[in-house]
Amino acid sequence: MVSNLLAGGDAHPAVRRPLFSIGLGGRTDEWAQSLVSLTVEAGLAPFADAATLHLVGAAPAPDVAVGDSGSVELGYGDDATEKVFSAQVEEVRRSVQGETSVTAVNGAAQLSRLRVNQSYEQQKAGDIVRDLAGRAGADTDTVEDGADFPFYVVDDGRNAYQHIAALARKSGFLAYFTPEGELSFSPFTAGQPVQTFAFGEDVLSLDATGVVLAVGAVTTVGEGAAGSQGQEAWSWLVKDPSAVTGSAGSGDPERLVQDASLRSTEAAQGVAESIVDAAGWMSLTGELRVPGSPAVVVGSAVEVVDAPQDALNGLFMVRRVRHHFSKRGGFTTLISFGQAGDGGPGGLL
251 MVSNLLAGGD AHPAVRRPLF SIGLGGRTDE WAQSLVSLTV EAGLAPFADA ATLHLVGAAP
311 APDVAVGDSG SVELGYGDDA TEKVFSAQVE EVRRSVQGET SVTAVNGAAQ LSRLRVNQSY
371 EQQKAGDIVR DLAGRAGADT DTVEDGADFP FYVVDDGRNA YQHIAALARK SGFLAYFTPE
431 GELSFSPFTA GQPVQTFAFG EDVLSLDATG VVLAVGAVTT VGEGAAGSQG QEAWSWLVKD
491 PSAVTGSAGS GDPERLVQDA SLRSTEAAQG VAESIVDAAG WMSLTGELRV PGSPAVVVGS
551 AVEVVDAPQD ALNGLFMVRR VRHHFSKRGG FTTLISFGQA GDGGPGGLL
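Note that this note's numbering has the sequence shown beginning at 251, numbered continuously upward.
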């Protein structure tokens, strides 16, 4: 179902008319008459994505029930709508006043509910991620190999999505769900921005915070002898941990990270580099609010130009995105970003 949120007749020619398309059941006229607002929010793991739809009115609400699946699309009248969320209805609240609130989730919720105790031997991070996604019934997009673990333990002290987020950090990857509802586990590549926003034309608000790097030099120390005695020696005790030690960066502050999951030289070195890269991402973070931009998705790059301060211009990595759509306020997108460059994903270990 596709419907205008703003009436077309009285709108100024320069104003684009927002559209929505909701595939969660119900007739076209029911959604058009009842929908007051919707919000879609998505972020990097372990953030659990969700869509919330508010409906009200004398007309019957759409016939939507827990377990229904479909999609939410947003866009404008002079162009096609774009899918921003693949949803499964998790909660429906109704009141005698005629108000209805629908909450829908994606595979992030399935992974967030899953807690397992499982050990993995001679597996790559991507293998573990695929296994956890399969156990949760979550679909996958690109899942690359990532770090190599002679031995790795997933315990029920954290949910599966938190474990996937940790594996992403150890591998220098991003983990998130695409608008198609599929789990992506791969490095961030800036490339070309999905959209460029010009100050004075597209930017409703923009703020950024620069901080002193939280990490200078990093040393990571693992366990086991897989780094010097072969993969099968992961369980051996070692007197000299240099075979499972990695280092990266320089200067202060220095940081020592001990991680029992790092049982090879390659894994220890990879995590050290990821921590340093992550600190670089967090050296500049901020929020950008723009007119509704359905092309902006988690894990993509956006660009800001013509801002009055140089620090506010440049290429940024999208860490979280919030699309908000209402009959009264129109369509806006709030983008939480990190500094893009040669580093890895934000969020320190």
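Here a beta-carbon is modelled for each residue, glycine too, at the ideal position from N, C-alpha and C.
No experiment lies behind these values; they were computed from the predicted model shown.
Confirm, please, whether the CB-CB distance from Asp-391 to Thr-350 is below 8 Å.
no
Use the C-beta contact count for Ser-436: other C-beta atoms within 10 angstroms, 16 or more gives buried, fewer gives exposed.
buried
Could you tell me the alpha carbon to alpha carbon distance between Asp-398 and Ala-418, rounded to whole angstroms?
Cα-Cα distance, rounded: 12 Å.
Short check: CB of Ser-362 to CB of Ala-300, under 8 Å?
no
What do you reckon, is the C-beta of Arg-365 under 7 Å from a heavy atom of the ligand HEM?
In terms of ligand content, the structure shown is empty, and the ligand HEM therefore cannot be addressed.
Between Val-461 and Ser-533, which are expected to be in contact by the criterion C-beta below 8 Å, what is the C-beta distance as a whole number of angstroms?
6 Å
What residue does the alpha helix (DSSP H) around Arg-380 start on, and which one ends it?
375-386 is the extent of the alpha helix (DSSP H) around Arg-380.
Residues bridged to Tyr-326 (per DSSP)
Under DSSP, the beta-bridge partners assigned to Tyr-326 are Pro-268.
Establish whether the CB of Gly-450 and some CB of chain C are separated by less than 8 Å.
Checking the listed chains, one finds no chain C in this structure; it contains a single protein chain.
Cα separation between Gly-259 and Arg-266?
Only weak support exists for where Gly-259 lies, its pLDDT of 37 falling under 50; the value from the coordinates is given anyway. Between Gly-259 and Arg-266, the C-alpha separation is close to 12 Å.
Is DSSP giving Phe-581 helix, strand or coil here?
strand
8 Å Cβ shell around Val-555 - same chain, five flanking residues per side excluded:
Cβ within range, chain order: Thr-446, Phe-447, Ala-448, Phe-449 and Asn-563.
Inter-residue Cα distance where the pair is Gly-273 and Asn-409
Our two residues, Gly-273 and Asn-409, have alpha carbons roughly 30 Å apart in a direct line.
Quickly, what does DSSP pair Tyr-370 with across the bridge? List them, please.
Tyr-402
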